[in-house]
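Chains as they are written, first to last, in my numbering: chain F, 13 to 557; chain D, 1199 to 2175.
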Amino acid sequence: MIALPWTDHLIVAPIILPLAASGLMLLIKERHIRAKRAIAAVTISAMLAIALVLLHGAATAPAGGGAAIRTYLLGNWPAPFGIVLVLDRLSALMLAITSLLGFTSSLYATARWDQAGPRFHALLLLQLMGINGAFLTGDLFNLFVFFEVLLAASYGLLLHGSSTPRIKAALHYIAINVATSLLFLIGMGLIYAATGTLNMAHLAVRIHAIPDGDRMILDAGAAILGLAFLVKAGMWPLSFWLPKAYSAASAPVAALFAILSKVGIYAVLRVSLLVFTPGISSDAYFASFWLLFGGLATIAFATIGVLSSKTLSGIAAYSLMISSGTLLATIGARDGAVVAGALFYLVSSTLGVSAFYLLIELVQRGEIDDDALAPVTEPVFDDEYTGAVEGSDDAEIGVVIPGTIALLGGGFMFCALVLAGMPPLSGFISKFAIINGLLGSSGAIPMSTWILLTLMIVSGLAILVATTRAGIDYIWTPSNQAQAPLRISEAIPVGVLVAVCLGLLVFAAPVMRYMEQTTRSLADRSNYSSTILQAPRVQSAGDPL
Amino acid sequence: MTDSRILLLVLALPFFGSLLSALLPRTARTAAGLVAGSVAVLATALLIPFYAPVARGEIVRLEIGWLPTLGLDLVFRVDGLAWLFAMMVLVIGALVVLYTRYYMAREDPVPRFFSYLLAFMGSMLGIVLSGNLVQLAFFWEMTSLFSFLLIGYWYGNRAARDGARMALIVTATGGLCLLVGVLLIGRIVGSYDLDVVLASGGTIRSSPLYLPALILVLLGAFTKSAQFPFHFWLPHAMAAPTPVSAYLHSATMVKAGIFLMIRLWPIFAGTDAWYFIVSFAGLATLLVGAWAAIFQHDLKGLLAYSTISHLGLITLLLGLSSPLAAVAAIFHTVNHATFKASLFMAAGIIDHESGTRDMRRLSGLARFMPFTATLAMVAAAAMAGVPLLNGFISKEMFLAEALDARGGPVIGFALPVLATLGAAFSVLYSLRFIHQTFFGPPPTDLPKVPHEPPGWMRRPIEILVIACLVVGIVPAATIGPVLQSAVRSVLGAQTPTYSLAIWHGFSAPLLLSMIALATGTLAYFRFRDALNRRAGPPVIARFKGGRMFERVLADIVRRARSLEGLFGTRRLQPQLRLLVCLACLAGLLPFLQLGYATGGLPVTPLDPAFAVIWIVGGICAVGAAQQAKYHRLASLVLMAGAGLVACISFVWLSAPDLALTQLLVETVTTVLLLLGLRWLPKRQPEVWPDDRPPARVVFRRSADLGIAIAAGLGAALLAYAMLTRPLPDTISRYFMEQAYPQGGGRNVVNVILVDFRAFDTLGEIAVLAIVALTIFSLLRRFRPASESIEPPVQQRMQDAADLHAGGRRVGDTKKDYLLVPRIIMEWLFPVIFVFAIYLLVRGHDLPGGGFAAGVAMSIAIMLQYMAGGTRVVESRLRIRPLRWIGAGLLLAVVTGVGALAFGYPFLTSWFRYLELPVIGKVPFGTALFFDLGVFLLVVGATALMLVAIAHQSIRTPRARTPARPDVPPVIREEGED
């Protein structure tokens, strides 16, 4: 290859674009919040556009072979040695969701939340960069780096708006995640010791050649690494931090965090499908056993949690956990048809939870103590944050739309339906796809499948019961408090997310086809490995200059 | 014209109308009514032509591909039964729309009502026209949803909210059961297509999954059709506006369950399970409903329970499993829809015009509203099964089927008796409805003076009542063919011969019918005053389904809360404990399975000096942990000691790069942490009652110690197993070999950092930037604990000494403190600065690099702050750490992006030796720019943290409001509070 076509650089753009934009923002003083909003808007729109282009490319790539797997050799170093970015159907999908959530959260935040603390937009962009990197990288250590990026950014975002409960929850969150990162490192070290490589594709090849005497080191490493992923994914009993942290976060942050737990799921899916090749040993079955039962326990616990939640944010957090549990259990079920449904479910539930988090704040507004948004006085030095904005009245974004209650009620209902898996939105179809896959397999249906099926239905019901109760309390029950007006910049993000959920239903067939292709290519390990390990470098006669 | 595509239009029209109506302004009730009415009429008109093919026994199908891979295509399908039900939904829907227009008050947001109603109508049509079972379940849940909105329309009213919620939860739960049942059917048959399923009755009945599928489907049908014991939601749904009741409880919603049972009758019926479950549920519902209806005082309550009872009757007929019974069931479904809709509307008129629905207050209304009274009387007579009306014919068929029921002598005797009893109850409550309301003396304490409603409000009732009469008198000529086509579409070849006529000669059913009429009438006149005095139905009054439902729900929530407490925690310590335990387990299991063995490498002999260093390091680490709780300073110092030992180890093991970095990082972190200590409130030593910690605390601590030892031991064993094995062929060899030829650097570590894996470095500096930003943001809003706001003790003592000593001002002591070292520290700045640049430049070939240089540089800044104090430093030095960070990030990114211009991937490096005058040959590469970015960022990030902490001490404390709850969080140990 003589030179890289420019379209290939799009693969790395979702990482360097937000990084550069946040660097630029740091050069601008806090006072110029409009400039920052503009930079954020342009960057995130560009990211969304790029993600959609990449998704389109992945969707239209020919089904067989490695056509849908695109690689990007960073620094032009050959594959197992340098770091390689891999864009396949799964990562393209995850990038698109991330960018969409980034877009909606960022837009929503411009209504009020980006003034609740310094440097919100920079942190948000860095958060997106970390998530995108985690989805794109094909290297285990690089995955660790991006986990660190996204975790660090999530600490900052969680603390954004700093109030006592927020700081309390954030410190717990930080403690757990720092411990988890340590496990990640230990696990990775062990895997490197056993295989001598960090490139995931290379790992999938090398793993066949491990002598039996060294296998336990690899297994121990994989198990400890897996544990780190599962903490992130929110599997019971490693998920107790989740409801507290997510409930404490400000609305746009929590809405973005909906994708964070999916990073853990993604890592589990990616690594388990690549590394635990069935046939080598009992590991594969061992791992899927733990995933299945861990997932089931997670759904059960989260169902209990949903029912016992006293707040809407509690319901949202436990719904997220239900979605994690369902995904883990279906991945553990190890069945192609089920995984395709699970991916559909992943998209739908992530968007649903995200929209729900945004709505919660709108619905509960007036009841939430807005202390965090009150400006703090006494600036101490130059860059002291006071919450002051240039041009104090924000008339341009304060456009109030009528029919607040009706819109909120409708939005709330849609979100609840998506989460509960009820018609007419995408939640129904994705749950149907999973159950259809579970029941569609030939041969006897194992007990665990019946349990999973029951739990899926019961958890949906629990969400319905809980959201109905809460919705009636917050929206239908007459209260003396006047409903705070709804702003356009708050309504649009929710509307976009709900509309996408509706779109997923209407265009279920192409979406499902995409998911099925994704599943098939995920299962084709040798193709994945060979495509990546043979990725061509840019060759040149001499120096590039 | 019967193009099957018209079906889609029929289905889409209501949803379109719903959307349109939702967009109308709040007060546009006539416009909304027009939209709704025209939708209903138009859809009816479009559907009528389908009667021709349907009557010929054809099935009109429309298939739209949707999700073919999952066997889920949209299939719309009309046969006799679907046509009949669809017409019912549409015609009664149109009448309800007309009625609603006059019923609703001007203040109500009527367009919204019509919007819900139309969407509900569409969903109901979706059920009856579905040719795919999953699609049916889909629309099924949608009816639950829209009925929720309709019932809760007056949501300001608590009863409406509760009733709506109850209806939703009960019917949606049933819907989910139905969905699973349908999926099971799909698994048995291999298709969700209704025609395929209907053709596979035998396969289904012989499958081991038959019973679970049957039970799940029936749960769906029973909850929807308010069958015992799920009937309780229906009376609560009466909080809805009357048009909703008239619609939901006559032709739609509750008939969905009946429709489903009729639809799947050919595949499910005929087994003992079906017979017993369905017949029993139907019979119980029939009797419970009728019995309860007798004791209602609310007109709508009476009608609600009578609906339950009639639904039970239909279910019982279906359960009997004979084709003739199925015919009777279909016929009664239609009849019930007509008379029940008209009765609800009449009840609504009475409520509307007199202000109450309480039968004990109503009396003699016939003289105020004679037309309405007549209409209600005819409809009620149909409900009671009086001859010449449609209810009579289907009831006679029902009694005939009860007499013919199979199942042994007990059932053979009991069923006709119970059926007659049910019929007698029906007569009783119908008579009570009419007599109590319309006859007797004029009412005395009504909120309004009753009068006839507007004519158009009565029109729908008139139409329905005429239907009752016509069908009752000439059934064969009117409903006959339609019924026949519906029956044939269900029963196919099993279709029995039956005759629809009011007179079949003297027969046993007729006798039973007459007995029921007579008994009911007699009983009413015997007990009517007693009935008015009773507060609730005897015997079954204790079974208050609604209250039980609420109690069960509350119970579930309570239990969930205690379970959540049992299986979850919100505290940090147990979570970390769990994490460590699970990590130990995860590390241990593979070795348990495969055995633990060390590798074959020879063990290096232990150098005593190295061992001593490590023992010191270990003691430091353990000491740091031990002191962490009460003596943070000691703990920090010990931790630094352990860090230094790590640094010495790196030197010992010939890793100068790591050693240098470790040393610098250790210095900076320790200093920063020490600065932060100032703001942590002092910990109070714990005081236990007996000067001795209680047993559970001792236990918890020992357990934690055990876990810590286990984890440490586990890590050591893992490391040992790993290090005694020869390293496999790793990718690191490539780095060693290629660092100089391709990376242009002799320091492999640095080449890895800035070239081979520069992307990792880019990520890591981003992490550093984020962490610095986070700390900065956090400290911007930091409010110290009240006990930490005061200056520290030492400073107060110095100030006090200054105050008392003559000739000194407050602060002088502080100023004189460490005077000589301070000057040295200030002078060190340029020295360290040069050293840092030296580290940066030489990094590619010798230990050093951007990171180390950055940390070194930040030490220089830190020393300035320590020596001179915040204000002094900042008056001399402009530090803008955020800009440094931003510039560093941008420089690193831009360096990487530069490669793109030459067609290379991001971060591709370039280097060569430059010939500089004086200095000579100098290595020069893009990696240096990248490293410079790293340097800038590290300096900026460290400085930002330093500045953020330093500024705390010069912040003026806020006005004295220490009572605020916003004191910064203190991590508390569990069990302490």
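Note that CB positions come from ideal geometry on N, CA and C, so glycine has one too.
- Distances from the CA of residue 188/F to each of 1330/D, 1776/D, 1864/D and 1483/D were compared; the closest alpha carbon is that of 1776/D.
- With contacts defined as CB atoms closer than 8 Å, residue 1580/D and residue 1589/D qualify as a contacting pair.
- Contact between residue 2144/D and residue 2059/D holds: CB atoms are separated by about 7 Å, below the 8 Å threshold.
- Scanning chain F for C-beta atoms nearer than 7 Å to the C-beta of residue 1920/D yields 202, 205 and 229, reported in chain order.
- Chain order gives the chain F residues near residue 1332/D as 444 and 448, where near means a beta carbon separation below 9 Å.
- Comparing C-alpha distances from residue 310/F to each of 2025/D, 1766/D, 1571/D and 1483/D shows the shortest one belongs to 1766/D.
- At the C-beta level, residue 1687/D and residue 1279/D come within 8 Å of one another.
- A direct Cα-Cα distance of roughly 39 Å separates residue 1639/D from residue 1287/D.
- DSSP, reduced to helix, strand and coil, places residue 2119/D within a strand of the structure shown.
- In the displayed model, residue 1263/D falls within a strand according to three-state DSSP.
- Sequence-ordered contacts of the region 72–101 of chain F with chain D read 84, 85, 86, 87, 88, 89, 90, 92, 93, 94, 95 and 97 [C-beta pairs closer than 9 Å].
- Contacts between residue 2083/D and chain F, judged by CB atoms closer than 8 Å, involve 35 and 38 in chain order.
- Around the beta carbon of residue 1474/D, a 10 Å sphere encloses fewer than 16 other beta carbons of the protein chains shown; the residue is thus reported as exposed.
- Between residue 1206/D and residue 1274/D a beta carbon distance of about 6 Å is seen, short of the 8 Å cut, so the two are scored as contacting.
- For residue 440/F, the C-beta contacts it makes with chain D under 7 Å involve 1336, in order along the chain.
- For the region 140–166 of chain F, the set of residues with a beta-carbon nearer than 8 Å to any beta-carbon of chain D comprises 141, 142, 145, 153, 154, 157, 158, 160, 161, 164 and 165, in chain order.
- Under the three-state reduction of DSSP, residue 1927/D is assigned to coil, being neither helix nor strand.
- Ranked by how close their Cα comes to the Cα of residue 1486/D, the residues 1429/D, 1497/D and 1523/D have 1429/D in first place.
- Between residue 138/F and chain D, the shortest Cβ-Cβ separation is below 8 Å.
- Under the three-state reduction of DSSP output, residue 550/F falls in the coil class, being neither helix nor strand.
- Distance from the Cα of residue 25/F is smallest, within the candidate group 137/F, 131/F, 116/F and 91/F, for 137/F.
- Rounded to the nearest whole angstrom, the C-alpha separation of residue 1501/D and residue 1673/D is 25 Å.
- A Cβ-Cβ separation of about 7 Å places residue 2083/D in contact with residue 2142/D under the 8 Å criterion.
- For residue 24/F, the chain D residues whose C-beta falls within less than 7 Å of its own C-beta are 2104, listed in chain order.
- Under the rule that a run must span 4 or more residues, the alpha helix (DSSP H) segments found entirely inside the region 1508–1576 of chain D read 1521–1552.
- Between the region 1643–1656 of chain D and the region 1568–1588 of chain D, the count of C-beta pairs closer than 8 Å reaches three or more; the two stretches touch.
- Between residue 1307/D and residue 1230/D, the alpha-carbon positions lie close to 10 Å from each other.
- For residue 320/F, at least one C-beta of chain D is nearer than 8 Å to its own C-beta.
- The DSSP-derived three-state label of residue 144/F is helix.
- DSSP, read as helix, strand or coil, puts residue 1727/D in helix.
- Against chain F, a Cβ distance below 7 Å from residue 1754/D picks out 319.
- Inter-residue distance for residue 1858/D and residue 2035/D is about 15 Å (C-alpha atoms, whole angstroms).
- Residue-level contact by beta carbon holds for residue 130/F and chain D, with a gap shorter than 8 Å.
- Taking 8 Å as the cut-off, the Cβ atoms of residue 257/F and residue 182/F count as close.
- For residue 525/F, the closest Cβ of chain D is nearer than 8 Å.
- Residue burial is scored here from C-beta neighbours: residue 2030/D has at least 16 other C-beta atoms within 10 angstroms and is therefore classed as buried.
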